[in-house]
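Under our numbering, the first residue of the sequence shown carries the number 3, and numbering increases by one thereafter.
Only one structure is covered here, and it is reproduced in the block below.
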Amino acid sequence: MPEAAIIPTSFLAVLQRHVESRGMVAPGFAQKLAQLQSRKTMENREFDALLHELNTLDPEPAFGIKIGRTVEPRDFGLVGYLLTACSTLGQALTRYGHYQTLVLSNLSTRVEVGNDVIRYRWHLQDVETPISCEFGVSIFIALYQSLIGKPLPPVQVGLPFAPPENPALYEQLLQCPVKFNTDCLMVDLPAKLLWMTISSSDPYMRKIFDRQAQALLKSDGENRSQNFEDFFEALQQQILMAMKDGDTSARTVSRQMGYSLRSFYRLLATEGYSYRSIVAGLRQRLAKKYLQDAQLSYADVAMLLGYSEQSAFTRAFRDWMGITPGEYRRQKGLQAE
């Protein structure tokens with residue numbers, strides 16, 4: 003029997019948001035989500051079962067398409083954060099292809115380049131139910147549209163199951179022709195989209211996320227938190243992601259790493275660390291790096307570091323360095339903004 007395909011549990015946020023947005027009362031389903039969210043990964047079969055259960059609770063046609071459209075880059079875990087730091091969609095999709103097994107452990111996407119079209123082809127080898135296929139193409143489309151900030155549709159989409167009762171609904175939702183009974187999942191994109199820029203591009207963060215993704219690939223999906231060194235590396239990675247989301251609280255970061263807050267603090271204290279000092283150290287290093295980029299305003303730097311206000315960043319920087327961000331830039335010969 004082939005090894006079960008694994009996905010990050012960050013995708014559970016898509017289901018959670020759907021339940022909350024509909025005001026659904028489903029305590030049994032909510033309990034399953036809560037139990038799975040304490041883990042880093044889950045089997046794709048488990049996620050498929052949850053999709054079916056949620057569709058039973060909320061019976062709508064093309065359910066996988068509809069719920070997949072609500073996906074956000076961060077739902078793809080580390081890979082999603084990496085893609086948001088890329089400069090163009092072409093660069094992001096190249097990274098996506100390289101790290102695709104961190105999104106689905108047995109994923110193997112074939113890319114065919116035409117004159118005006120880029121064709122993406124893949125299989126869901128262990129679970130290829132209609133709802134999972136719908137979800138698969140929908141999240142890929144939602145991902146690239148989110149990265150470029152425009153709802154530009156594909157050229158066409160292919161789904162490997164028989165036409166449903168209302169195939170026109172699929173074309174209406176995806177805004178392009180949809181073929182059924184195809185050999186695999188298919189999404190064809192206009193080649194010109196690859197040159198479109200990503201507004202959240204951050205070369206420095208891209209390098210950091212690249213290194214983290216490469217390390218995860220080398221680990222072959224093994225649990226990397228067996229010792230404190232691995233835990234500390236994973237913690238720094240999670241804090242970097244949290245900065246982009248604007249919530250670096252210990253409660254949020256510990257939950258995302260699968261620890262109770264008490265266990266999280268205890269593990270750090272055992273090794274002589276405090277969470278506050280780790281966050282401050284990361285912010286200080288990143289602040290000095292960002293301030294050397296004259297194109298970034300002080301408000302931009304504050305936002306990138308996860309501060310809600312520029313004044314909070316200025317106070318913190320003065321505490322670290324004994325000078326203001328403006329004075330630091332002047333010392334480096336940069337024009338303060």
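Glycine is no exception: its CB is placed at the ideal position from the N, C-alpha and C atoms.
Fair warning: this is a prediction, and the values are worked out from it, not measured in the lab.
With a threshold of 16 other beta carbon atoms within 10 Å, Ala304 meets it and is buried. Per DSSP, Trp322 is not a residue of any beta strand (DSSP E); the alpha helix (DSSP H) it occupies stretches across 312-323. Sequence-distant partners of Glu273 (beyond 5 residues in either direction) whose C-beta falls short of 6 Å from its own C-beta, in its chain, are Phe230. Lys42 sits away from Thr90, with the two beta carbons spaced by 8 Å or more.
Secondary structure of Gln177 (DSSP, three-state): coil. With fewer than 16 other Cβ atoms inside 10 Å of its own Cβ, Ile325 counts as exposed. Between the region 198-211 and the region 127-144 there are fewer than three C-beta pairs closer than 8 Å, too few to call the two in contact. Closest option to Val129, judged by alpha-carbon separation, among Asn46, Lys152, Phe319, Val16: Asn46. The region 248-256 and the region 290-299 do not touch, with fewer than three beta-carbon pairs separated by less than 8 Å.
Between Gln177 and Pro155, the CB-CB gap stays under 8 Å.
A direct Cα-Cα distance of roughly 25 Å separates Leu149 from Arg285. A straight-line Cα-Cα distance of about 30 Å links Leu84 and Val180. As computed with DSSP, Gly160 is found in a beta bridge with Lys181, Met188. Beta bridge pairing from DSSP links Ile120 with Val115, Leu191.
Counting only residues of its own chain and dropping the five nearest sequence neighbours on each side, His20 has a CB closer than 6 Å to the CB of Ile69. In this structure, DSSP gives Thr326 a state outside helix and strand, which the three-state scheme calls coil.
Secondary structure of Met305 (DSSP, three-state): helix. In the DSSP assignment, Thr199 forms a beta bridge with Thr90. In this structure, the alpha-carbon of Glu329 lies about 59 Å from that of Thr131.
Rounded to whole angstroms, the separation of the alpha carbons of Leu52 and Pro63 is 16 Å. Annotation: Glu45 is outside any alpha helix (DSSP H); the continuous beta strand (DSSP E) that includes it extends over 43-45. Leu38 and Arg208 have their C-alpha atoms some 29 Å from each other.
In terms of Cα proximity to Leu298, the closest of Arg331, Arg320, Tyr267 is Arg331.
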